[in-house]
Structures are given as structure tokens and as C-alpha cells.
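Novice: Could you have a look at this structure, given as C-alpha cells, before my questions?
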Amino acid sequence: MQRRIGALFASILFISSLQYIYIKEVSGESSSNSESEPQLMQVNITNEVEHDEQAFTQGLLWYDGMFYESTGLWGESMLRELHPNGTVNRSKDLNETLFGEGLARVGEKLIQLTWKNGTALVWNISNFQLESQFEYEGDGWGLCNDGTDLVMSNGSSNLSFRKYDDFSIVRHLNVSLDGQPVSNLNELECAGEYIWANIYLTDNIIRINSSTGIVDLFINASSLSGLQTGDSNDVLNGIAIDDEGKMWLTGKKWDSLYEVELIEVEEIVEVVVVQEPVPTPTIQSCNDCEEQEEDASLQLYMIYSLLPIAALTTAAIGMFKVWRRPQDDEAKALAPMDVFEDDE
Ligand SMILES: [Ca+2]
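Residue numbers 5 to 348, in the working numbering, belong to the letters of the sequence shown in order.
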């Protein structure tokens with residue numbers, strides 16, 4: 005009776021568990037809050053133009069039929085104007101003490117950040133001449149113009165909104181994804197009420213609501229970085245949206261500028277390009293290779309010389325034994341006693 009009650013209890017428990025799992029699956033309930041989860045996207049290349057592999061891209065924007073690019077590294081930083089086919093039309097070298105960073109346009113001026121110098125350079129687009137500069141505190145990473153203010157990143161999860169005329173801070177915005185702060189915000193692109201941001205050292209771009217700071221869309225662009233063969237610093241970092249609303253992406257020292265379309269996906273699948281390992285040739289590292297070869301030759305010579313001698317000796321011993329074998333009569337005459345006598 006007790007066994008039956010036990011079995012009944014176990015069955016009820018089992019069925020209840022199944023029911024609970026089924027309800028969770030159907031309702032889509034999970035441990036995290038589904039309302040704050042962003043849309044997941046991957047990119048599909050729709051066009052591709054060249055990009056200078058020496059350009060350490062830190063800022064990218066589109067204006068009036070041209071790309072404008074800020075590049076970094078000390079002694080190599082530049083402001084560039086690119087044709088739509090990616091070739092350089094005009095460029096200006098920065099002072100070698102400056103490390104170029106984010107780039108934004110305000111009217112007919114380009115504002116270029118520097119990484120550690122606390123200086124924003126103000127360029128005149130028409131003649132590519134430096135007109136003035138702003139000062140700010142901390143790192144400069146990404147920059148864009150949302151139509152009201154300049155939006156600046158500094159590598160943290162916090163964006164600062166700044167005035168056009170003196171670069172003073174208007175407000176701050178904390179960026180979060182699923183309730184968690186997103187740091188390493190890098191190159192920016194303003195688009196209406198949203199801000200697109202590269203996340204430094206990843207293949208990811210996020211779209212941020214500029215009022216709430218909440219990330220509502222998450223792009224994995226590993227299919228682009230997988231086409232590049234640079235080192236680990238040469239990461240995705242360049243977002244521009246052209247007049248037609250098309251998104252262009254590139255990276256530091258990438259050889260291409262890609263026009264992409266976004267494809268919604270159920271889950272992010274990292275595209276990892278597995279490089280076929282190149283077989284390493286075996287290199288003999290002996291310093292006395294010639295001596296070793298001579299030793300080996302001598303050993304072979306000895307073996308081949310001794311073989312016939314050994315064969316001849318064996319044959320001779322065999323013949324001697326045959327010759328010395330006593331005839332039957334002699335064998336009979338050789339009594340055991342004789343042997344012992346001989347031994348004594
Ligand atoms: Ca940009």
C-alpha cells in the first residue's frame with residue numbers, strides 16, 4: 005500500500021514538473037526580463053569599396069556625397085576626405101603629438117577629437133584648414149551630432165552631450181543593455197533619436213535610445229571582421245550613414261568599406277574564420293650535420309663489409325664440421341669409456 009502511495013506521489017510530481025516546463029516554454033518566460041532584450045542583428049554586405057589599409061579609423065561620417073574620416077596613432081593621425089569609391093580626395097596630417105579620434109560635422113565645420121590631448125580640432129570643410137579648437141577633460145573617443153548637441157564617448161558607458169559653440173557639457177547619458185552598463189563605447193553615429201556605437205575590441209555595434217540610454221538593437225558584425233587579416237587591434241570601428249540611409253562600416257586598417265543591410269536573427273552566431281594551419285617545415289638544427297652523416301656512412305660500410313665475412317666464416321665452419329664428422333665405424337669404436345679416459 006505504501007509503495008502505491010509513493011508511486012502515485014512521484015507520478016504527480018513528475019507531471020507537475022512537465023506542466024511547469026511547458027508553461028514556461030509557451031509563455032516565453034525566462035529568468036531575464038524579455039522586454040529589455042534588444043533585437044539581434046547580423047549584417048549582410050550589399051556593396052564594398054576600397055579603404056586604405058594604413059588608415060587607423062577612429063571616426064567616420066558621410067556628408068554631401070563624400071566620406072570624412074579621422075585616423076589615429078601618433079605621428080600617423082589624419083583628417084581625410086574620401087570619394088564614395090573609398091579613394092582619398094584630400095587629407096591633412098595632424099601634429100605628431102596628437103592622436104586622432106572621433107569626428108562629427110556641425111554645419112560647414114568638422115570637429116575632430118583627440119585621444120589623450122584634451123583637444124577637439126575645428127576644421128573648415130571647404131579649405132581643410134584648422135580654424136580653432138576646444139578643450140575638454142578626460143579621454144576623447146567617439147563623436148557625432150544629433151542635430152541639437154554633439155555626443156561624445158570616452159571609453160566608458162557614459163555619453164556626454166555638448167554644446168556646439170564651446171563644447172561645454174549639457175547632460176550625461178548612461179548606456180545600458182538588459183539593465184547592465186555597456187562600457188567601451190567608441191565610434192558613434194547619430195541618427196534621429198538614436199545613437200549607434202561601436203563597442204571597442206568587439207565585432208558589435210549597439211543602437212542606443214538617446215533619451216533613455218537603453219540599447220534596443222544589437223548588431224554582430226563578425227562576418228565583416230572575419231574577412232580582415234590584421235592583428236587584434238585592427239577592430240571594427242567606423243559607422244557612417246549616407247544620404248539614402250544606408251549604413252557603411254569599416255575598421256582600423258581594414259582594406260574595405262562595407263555598405264551593409266541588417267538581418268534580424270534569433271540568436272547571434274559568431275562568425276569565426278578558422279585559418280588553416282600552415283605546416284611548419286622541419287628544420288634540422290644540428291651544427292655537426294656533416295660529421296653525423298659521415299658517422300652514419302661509416303656504420304653502413306662496416307655492416308656491409310662484415311656481412312660477407314660472417315657468411316664465409318659460417319660456411320667454413322660448416323664445411324669443417326662435415327669433414328670432421330666420424331664415419332659410422334669410427335663412431336662405434338669411440339666408446340664412452342674412451343672419452344672419459346681421454347678427459348682424464
Ligand atoms: Ca560616425
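Ideal Cβ placement from N, Cα and C applies to all residues, glycine included.
Just mark Lys167 as buried or exposed, buried being the case when its beta carbon has 16 or more other beta carbons within 10 Å.
Specialist: For the purposes of this step, residue 167 is taken as residue 163 along the sequence shown, with counting starting at 1. Lys167 is exposed by the Cβ-count criterion.
Novice: I need the boundaries of the alpha helix (DSSP H) containing Ser227, first residue and last residue.
Specialist: As a working note, residue 227 is residue 223 in the sequence shown. Residues Ser226 to Ser229.
Novice: Nearest-angstrom Cα distance between Ile243 and Lys120?
Specialist: As a working note, residue 243 is residue 239 in the sequence shown. As a working note, residue 120 is residue 116 in the sequence shown. The alpha-carbon atoms of Ile243 and Lys120 are separated by roughly 22 Å.
Novice: Compare the C-alpha of Thr50 against each of Leu253, Glu271, Lys257 and Glu268 and name the closest.
Specialist: In the sequence shown, the residue the question calls residue 50 occupies position 46. Answer by Cα proximity: Leu253.
Novice: With 16 other CB atoms within 10 Å as the buried threshold, where does Trp66 fall?
Specialist: Taking the first residue of the sequence shown as position 1, residue 66 is located at position 62. With 16 or more other Cβ atoms within 10 Å, it is buried.
Novice: Whole angstroms are fine: how far does the CA of Leu77 sit from the CA of Gly1?
Specialist: With the chain covering 5 to 348 only, the question about residue 1 has no answer from this structure.
Novice: Taking the beta strand (DSSP E) that Leu261 falls in, what are its first and last residues?
Specialist: Within the sequence shown, residue 261 is the residue found at index 257, counting from 1. That run of the beta strand (DSSP E) goes Ser260 to Glu268.
Novice: Whole angstroms is fine: what's the gap from Leu114's alpha carbon to Asp207's?
Specialist: Here the question's residue 114 lines up with position 110 in the sequence shown. Here the question's residue 207 lines up with position 203 in the sequence shown. Spanning the alpha carbons of Leu114 and Asp207 requires a straight line of approximately 27 Å.
Novice: Cα separation between Tyr140 and Glu52?
Specialist: Stepping through the sequence shown from its first residue, residue 140 is reached at position 136. Stepping through the sequence shown from its first residue, residue 52 is reached at position 48. Going by the C-alpha atoms only, they are around 36 Å apart.
Novice: Counting C-beta neighbours from all protein chains within 10 Å, is the total for Gln232 16 or more, i.e. buried, or is it exposed?
Specialist: Here residue 232 refers to the residue found at position 228 of the sequence shown. Buried, because 16 or more other Cβ atoms sit within 10 Å of the Cβ of Gln232.
Novice: Would DSSP call His87 helix, strand or coil?
Specialist: By 1-based counting over the sequence shown, the position of residue 87 is 83. Here His87 carries a coil assignment [DSSP, helix/strand/coil].
Novice: Apart from the five residues just before and just after Lys250, which ones in its own chain have a Cβ nearer than 6 Å to its Cβ?
Specialist: The count along the sequence shown starts at 1 and reaches residue 250 at position 246. Same-chain partners within the cutoff: Glu263.
Novice: Could you name the residues of the same chain whose beta carbon sits closer than 7 Å to that of Arg211, not counting the 5 residues immediately before and after it, in chain order?
Specialist: What you label residue 211 is simply residue 207 of the sequence shown in a count that begins at 1. The beta carbon of Arg211 lies closer than 7 Å to those of Tyr198, Trp200, Val219, Asp220 and Leu221 in the same chain, with the five residues before and after it left out.
Novice: Might you give, ordered along the chain, the residues of its own chain that have their beta carbon closer than 8 Å to the beta carbon of Gln137, omitting 5 neighbours on each side?
Specialist: For the purposes of this step, residue 137 is taken as residue 133 along the sequence shown, with counting starting at 1. Closer than 8 Å at Cβ, skipping near neighbours: Thr123, Ala124, Leu125 and Val126.
Novice: Suppose you measure from the CA of Gly63 to the CA of Glu191; what does that come to, to the nearest Å?
Specialist: Position 59 of the sequence shown, counting from 1, holds the residue named residue 63. Position 187 of the sequence shown, counting from 1, holds the residue named residue 191. Gly63 and Glu191: Cα-Cα distance of roughly 6 Å.
Novice: Candidates Asp247, Glu270 and Lys257: which alpha carbon is nearest Ser74's?
Specialist: By one-based count along the sequence shown, residue 74 stands at place 70. That would be Lys257, whose Cα lies nearest to the Cα of Ser74.
Novice: Please list the terminal residues of the continuous beta strand (DSSP E) segment that includes His176.
Specialist: Your numbering for residue 176 matches position 172 in the sequence shown. Unbroken beta strand (DSSP E) run through His176: Ile173 to Asn178.
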